[in-house]
Structures are given as structure tokens and as C-alpha cells.
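In order, the protein sequences belong to chains A and B. Residue numbers for the first sequence follow the numbering used here, so the first one is 1 and each next one is one higher. Residue numbers for the second sequence follow the numbering used here, so the first one is 1001 and each next one is one higher. Cβ atoms here follow ideal geometry from the backbone N, Cα and C, with glycine treated the same way.
There are 2 protein chains.
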Amino acid sequence: MLHHSLMDSGAQNPRPAVDGGTLDIGRRIRGLREERGISLSALARAAGVGKATLSGLENGTRNPTLETLWAVTAELGVPLAMAIGTPAAGAVADPGGDERSLVIRGTAVAGTLLRVFEDEAVTYELYRLVVRAGAPQISPAHHEGVTEHLTVFAGTLSAGPVGAPLRAGPGEHVSWVSDVPHVYAVVGDQDVHASLLIRYPRPRVGPPATRGSGDPGEEGSPAPHP
Amino acid sequence: MLHHSLMDSGAQNPRPAVDGGTLDIGRRIRGLREERGISLSALARAAGVGKATLSGLENGTRNPTLETLWAVTAELGVPLAMAIGTPAAGAVADPGGDERSLVIRGTAVAGTLLRVFEDEAVTYELYRLVVRAGAPQISPAHHEGVTEHLTVFAGTLSAGPVGAPLRAGPGEHVSWVSDVPHVYAVVGDQDVHASLLIRYPRPRVGPPATRGSGDPGEEGSPAPHP
DNA sequence: GTGTGTCGTTCCGTAAACGGAACGATTCCG
DNA sequence: CGGAATCGTTCCGTTTACGGAACGACACAC
């Protein structure tokens, strides 16, 4: 995932105070909910959480559990990371984009998570990338079977496995299996604009199974209408 | 999707119960910690959380609070999103039904407009395509200089100018200049899933709003928080 | 050997997040 | 004007995640 691939391994980021961050998350959740025209009651019902829980979450008066966040974000159809956002969320205006986007920054790479597709057996994450000229960025390996598909629109990029990066100019496309460390480097001095699709063969399947009664937690994709 | 069995189950034996998501997070945290050579006790002490809490978090036997996750990831110096890992998107399996999406349908091609990028001199439109097996579809010519960039994820597609279509299988990418009539045809009988990016060199006529791409304003990390 | 340090896990009382059920405030019908 | 929906918030008993303090295991001194 991009969080692995694009973030500096030692990346430190402004981290708001806990209540501030929780409040941020609440605002983001509320924004996503209202964007869809869903009422608090309806979302709470659909996500299987209490109205009090969701109200407290949106207002920042509670310190939500991961399970709660999972349930709510899954029902909203956004990645959990988007709800958490980055501390700098809102600071970056992407053309045609809303400020709720998840923006990932590394030394040289800035990525905006555009969309997540959940199919039967795979998950796609679609990013828009801007790679700045200068020092290359190396990202550690991902999990097994993850592939990255990069389409360049401006500039020239050298990207791929550290040992054998591929070069792509405007309009060209490169793909590689990203279970090995890989690198992003601009060729020349023109910033690179590209789209990046990451394919995860094993999709995350919603909230973690609860302990206790061993419900065979299937629910590969949450029921639209519980 | 909180399981109701959680409440009915009463006090069962404290079984660790394999639960994917939380356990994944635990593994990731443990990996990051061991990567740094820090002991569990030391990290717990430094992060200001109890050893029991961290132990339970790493082993997946607890459902951590956001506050806990924040404290631990802050001490590890990684973004919270990295601990979370793969974004979980549940409800949105097929964006075709999104009320805000522009859906383009032809005889064989169903495309969902995912995003529009307006840059200084170009406009990008990003689609997700599903091409049904069967009769091919022919699209008329676009305006001058328009290019299409197609990345295939499932199935095999033959697409491009009518006179010289290109073939692309899973993971492959094709591009063509679409100022001539072009065709989409499935090779074989498996539906094709792909992403399509259309690049229009025509600039947007509106006033240039402050856009992130145009301003590479590197702000690094403003306020690191220990 | 005994003592002292740390390691990660488990026990336990407490604080708090949880869902359900109330609440007042709207809005929409009859 | 009720009456019945729904909205979001608040109250409350239950559930559970929390940190501190134990525990056994292991390593190194002396």
C-alpha cells in the first residue's frame, strides 16, 4: 500500500493532540456522511453501531475503538485510512479534488488516494501521483502479490524494483510486482505526474472478527442492507 | 458490522480468536518495534501505555482505542495509517450506482467517471471500465490531441484505432491517440475490467485556482511531535 | 548457588466506550 | 390541531479496554 511505499520509513508527521485528532476524524466522518445524504441514525443503524456511539464519534467526545471506526468507514465505503486522514489533510488542494482526500507524502512522492475498488478477490487503490525531481525515493516491499501499475502523463520516471527499475515517459506505463523494495526517481528535472493503481490480491474484509463466539466471520463485503 | 454475538456470547473463555484486521495491525506494530530493536516494555513505557495494553495490541487480543494506537505509532515515528495498513472499503463494490458519478454506457462498454483533473494545460478524466464480452464497440473520433490510456486488470482487451487496435491482457497497458475512430473489443469470453484515463490537451477556461500540483510548496513536516 | 535486571504475559480494579432507550425538536400527514 | 414519523443528543446500565502490579522465564553478576 501506498502508506508503505511512499512514506519515508522514518517519516514523522505533525500529530495533533489526541482530542484534536479525534475531533478531526469526527469532522471527516460527518462530512462523508452528509456528503451522501445519510442521517446519523441511518448510518448508525446500517453500520451496526449505536447512535450514541456515532454521535460521540462525530463530535469528538469519545475515543473510538478501532472496531467502531471500521464499521463506520466500511459502511461509508471509504478506506479507514481516509477517515483517519493525514494530519495535514485539508492543506493540500488537489485539482478537482475535495479536501477530504487522503494525501500521502514522502520525500519525493506525493500521492492522493482517489478511489478504492473492492472486487471479489482483489482490492484496487487508485492514486494520482506527483513525483518531484530530485532525490529518488525508495520504498520497502509490500505484501506478497501486490502489483503497481503506473501511467505517466508528464515528465519521465524511473520506477520499479530497486534492482531493475523501468523507465516511463509521457503516456507510457510501467508495472511491477511490489513485494520487493522499489524506487521512484524522476529522470530529468521536470516533475512527474502519473496515475498509480495498486492491486492487492487479498482484500481486507471489513471489521475484524469478534472474539468469543466463533462466528465464522464471513461477510466478505458488508451487507448493503442489514 | 459489529457482531451482535459479541454481546450475546457472555463471558467465554478469553480465546485470542484469530481476527484478521486487529491481528494484522498487531503484527505490523510488532514488526516496526522489533525493527527498531525496542522491547515491548520499553515501547510501552515510552509511549505512556501499559505493557498489558501493548501486549494485547500486538497479539490481537484487544480492540485498541484510537488514542492507544496514536500513542504507540507516534512513539514509533510512523503515521497512523501505516499501522492500519490496507484501507478497508466495504460497501462500495461497484461504483456504477454512485449518484454522483457520470456513467457512460454503450453496447459493450460501461464506464464510470471517477475523477476529473484540471491542470494548467490539460484535463484528465479517469474512468473505470467494464467491457462485456460480445460485440465490439466503436467510438467516434475525439478532438485533436486527445489520448486514451488504458490499464487492464482482468480479461483481455483489444482496443485502439479501428485500423490498428492494440491488445492488452491483465496488468498491461495500452495508449492511443483518439482523434480517430477507435474500438473496444473483448478477446475471449471474460469481461474486461480496466481503468481508462483520457487526456484532453484543451486547457480549462476558468480562472486558475490555487492548485496543489502547480505549487510544489514543500512544507516538509512542520511540527514533529515526540 | 543467590541476587538483580529485564523480558513478555496474565491478573485485576477502575475508567470509559459501548448499545439501548429515553429526550426535545422538526417535519410531514391526516 | 393532533399523531406519527424522523432527526441528533443525552442518560444509563453493561461491557471492556485501560494501566499497575503481579507472574514465570531468561540472562548476566558476583
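Nearest-angstrom beta carbon gap, Ala1071 (chain B) and Gly1048 (chain B) [assumed within contact, 8 Å]: As a working note, residue 1048 (chain B) is residue 48 in the second sequence. As a working note, residue 1071 (chain B) is residue 71 in the second sequence. Gly1048 (chain B) to Ala1071 (chain B), Cβ: 6 Å. Contact.
Taking the Cβ atom as the reference point for each residue, do Val192 (chain A) and Gly155 (chain A) lie within a distance shorter than 9 Å? Here residue 192 (chain A) refers to the residue found at position 192 of the first sequence. Here residue 155 (chain A) refers to the residue found at position 155 of the first sequence. It is a contact, given that the beta carbons lie within the stated cut-off.
Using the C-alpha atoms, what's the distance from Arg1036 (chain B) back to Gly1050 (chain B)? Taking the first residue of the second sequence as position 1, residue 1050 (chain B) is located at position 50. Taking the first residue of the second sequence as position 1, residue 1036 (chain B) is located at position 36. Spanning the two alpha carbons is a distance of roughly 19 Å.
Hey, out of A:Arg33, A:Thr53, A:Glu67, A:Pro165, whose CA is closest to Leu76 (chain A)'s CA? Locating residue 76 (chain A) in the first sequence gives position 76, counting from the first residue. Considering only alpha carbons, the answer is A:Arg33.
Which term fits Asn1063 (chain B), buried or exposed, when burial requires 16 or more other beta carbons within 10 angstroms of its beta carbon? Against the second sequence, residue 1063 (chain B) aligns to sequence position 63. Asn1063 (chain B) is buried by the Cβ-count criterion.
Should Ala1025 (chain B) be flagged as near chain A, meaning a C-beta pair shorter than 9 Å? In the second sequence, the residue the question calls residue 1025 (chain B) occupies position 25. Sequence check: residue 1025 (chain B) is Ile here, not Ala. With 9 Å as the cut-off, Ile1025 (chain B) counts as an interface residue toward chain A.
In chain order, what residues of the same chain have a beta carbon less than 6 Å from the beta carbon of Asp1189 (chain B), not counting five sequence neighbours either side? Reading the second sequence from its first residue, position 189 is the one you call residue 1189 (chain B). Same-chain partners within the cutoff: Ala1133.
Hey, Val1109 (chain B) and Leu1129 (chain B) are a contact pair by Cβ (cut 8 Å); roughly how many whole angstroms apart? As a first step, residue 1109 (chain B) must be located in the second sequence, where it is residue number 109. As a first step, residue 1129 (chain B) must be located in the second sequence, where it is residue number 129. With a Cβ gap of about 6 Å, Val1109 (chain B) and Leu1129 (chain B) count as contacting.
Using a Cβ-Cβ cutoff of less than 7 Å, which residues in the same chain neighbour Leu54 (chain A) once the five nearest sequence positions on both sides are dropped? Within the first sequence, residue 54 (chain A) is the residue found at index 54, counting from 1. Around Leu54 (chain A): Leu40, Leu43, Ala44, Val72.
Taking the alpha carbon of Pro1136 (chain B) as the reference point, which residue from B:Leu1166, B:Val1183, B:Arg1027 has its own alpha carbon closest? Counting from 1 along the second sequence, the entry for residue 1136 (chain B) is found at position 136. Nearest in C-alpha terms to Pro1136 (chain B), of all of B:Leu1166, B:Val1183, B:Arg1027, is B:Val1183.
So the alpha helix (DSSP H) Val72 (chain A) belongs to, where does it begin and stop? Indexing the first sequence from 1 puts residue 72 (chain A) at position 72. Segment 66 to 76, the alpha helix (DSSP H) holding Val72 (chain A).
Residues in the same chain with beta-carbon distance under 7 Å from Ile29 (chain A), minus the five sequence neighbours each way, listed in chain order, please. The sequence position of residue 29 (chain A) within the first sequence is 29, counting from 1. Hits under 7 Å: Leu57, Glu58, Val72, Ala83.
Nearest to Leu197 (chain A) (by Cα), restricted to the options A:Gly169, A:Glu125, A:Trp176: Stepping through the first sequence from its first residue, residue 197 (chain A) is reached at position 197. Of A:Gly169, A:Glu125, A:Trp176, the residue nearest in Cα terms is A:Glu125.
Just curious, the beta strand (DSSP E) that Ile1160 (chain B) is in, first and last residue? Here residue 1160 (chain B) refers to the residue found at position 160 when the second sequence is read from its first residue. Note that residue 1160 (chain B) is Gly in the sequence shown, not Ile. Element bounds for Gly1160 (chain B): 1156 to 1161.
Nearest-angstrom Cα separation, counted from Leu1080 (chain B) out to Leu66 (chain A): Locating residue 66 (chain A) in the first sequence gives position 66, where the first residue counts as 1. Locating residue 1080 (chain B) in the second sequence gives position 80, where the first residue counts as 1. A direct Cα-Cα distance of roughly 12 Å separates Leu66 (chain A) from Leu1080 (chain B).
Inter-residue Cα distance where the pair is Thr68 (chain A) and Val1174 (chain B): Looking up residue 68 (chain A) in the first sequence gives position 68. Looking up residue 1174 (chain B) in the second sequence gives position 174. Rounded to whole angstroms, Thr68 (chain A) to Val1174 (chain B) spans 42 Å at the Cα level.
Do Leu1157 (chain B) and Val1177 (chain B) have their beta-carbon atoms positioned less than 9 Å apart in this structure? Here the question's residue 1177 (chain B) lines up with position 177 in the second sequence. Here the question's residue 1157 (chain B) lines up with position 157 in the second sequence. No.
In the DSSP assignment, find the unbroken beta strand (DSSP E) run with Ser1139 (chain B) in it and report its ends. Numbered from its first residue, the second sequence carries residue 1139 (chain B) at position 139. It spans 1137 to 1139 - the beta strand (DSSP E) in which Ser1139 (chain B) sits, taken as one unbroken run.
Tell me whether Pro1181 (chain B) is buried or exposed, calling it buried when 16 or more other Cβ atoms sit within 10 Å of its Cβ. For the purposes of this step, residue 1181 (chain B) is taken as residue 181 along the second sequence, with counting starting at 1. An exposed status is given to Pro1181 (chain B), since fewer than 16 other beta-carbon atoms sit within 10 Å of its beta-carbon.
For Gly230 (chain A), which of helix, strand or coil comes out of DSSP? Past the boundaries of the shown model lies residue 230 (chain A); chain A is included only from 1 to 226, so the question cannot be answered.
Please report the distance separating the alpha-carbon of Glu148 (chain A) from that of Thr1151 (chain B). As a working note, residue 148 (chain A) is residue 148 in the first sequence. As a working note, residue 1151 (chain B) is residue 151 in the second sequence. Answer to the nearest angstrom: the Cα atoms are 11 Å apart.
Per DSSP, which one or two residues make a beta bridge with Arg167 (chain A)? Indexing the first sequence from 1 puts residue 167 (chain A) at position 167. BP columns for Arg167 (chain A) point to A:Ser158.
For Val131 (chain A) and Gly26 (chain A), what's the separation of their Cα atoms in angstroms? Within the first sequence, the letter at position 131 stands for residue 131 (chain A). Within the first sequence, the letter at position 26 stands for residue 26 (chain A). Val131 (chain A) and Gly26 (chain A): Cα-Cα distance of roughly 31 Å.
If you follow the beta strand (DSSP E) that Ala185 (chain A) is in, where does it begin and where does it stop? Within the first sequence, residue 185 (chain A) is the residue found at index 185, counting from 1. Note, Ala185 (chain A): beta strand (DSSP E), 182 to 187.
Quick one: Cα of Gly31 (chain A) to Cα of Ala74 (chain A), how far? Taking the first sequence and counting its residues from 1, the one referred to as residue 31 (chain A) is at position 31. Taking the first sequence and counting its residues from 1, the one referred to as residue 74 (chain A) is at position 74. Going by the C-alpha atoms only, they are around 15 Å apart.
Measuring CB to CB, does Ser1195 (chain B) end up less than 9 Å from Ser195 (chain A)? Translated into positions along the second sequence, residue 1195 (chain B) becomes position 195. Translated into positions along the first sequence, residue 195 (chain A) becomes position 195. Ser1195 (chain B) is a Cβ neighbour of Ser195 (chain A), given a cutoff of 9 Å.
Would you identify the three-state DSSP class for Ser55 (chain A), choosing helix, strand or coil? For the purposes of this step, residue 55 (chain A) is identified with residue 55 of the first sequence, where counting begins at 1. Three-state DSSP puts Ser55 (chain A) in a helix.
What is the DSSP secondary structure of Glu1099 (chain B), counted as helix, strand or coil? Against the second sequence, residue 1099 (chain B) aligns to sequence position 99. Because Glu1099 (chain B) sits at a pLDDT of 28, beneath the cut-off of 50, its placement in the model cannot be relied upon, and the point is left open.
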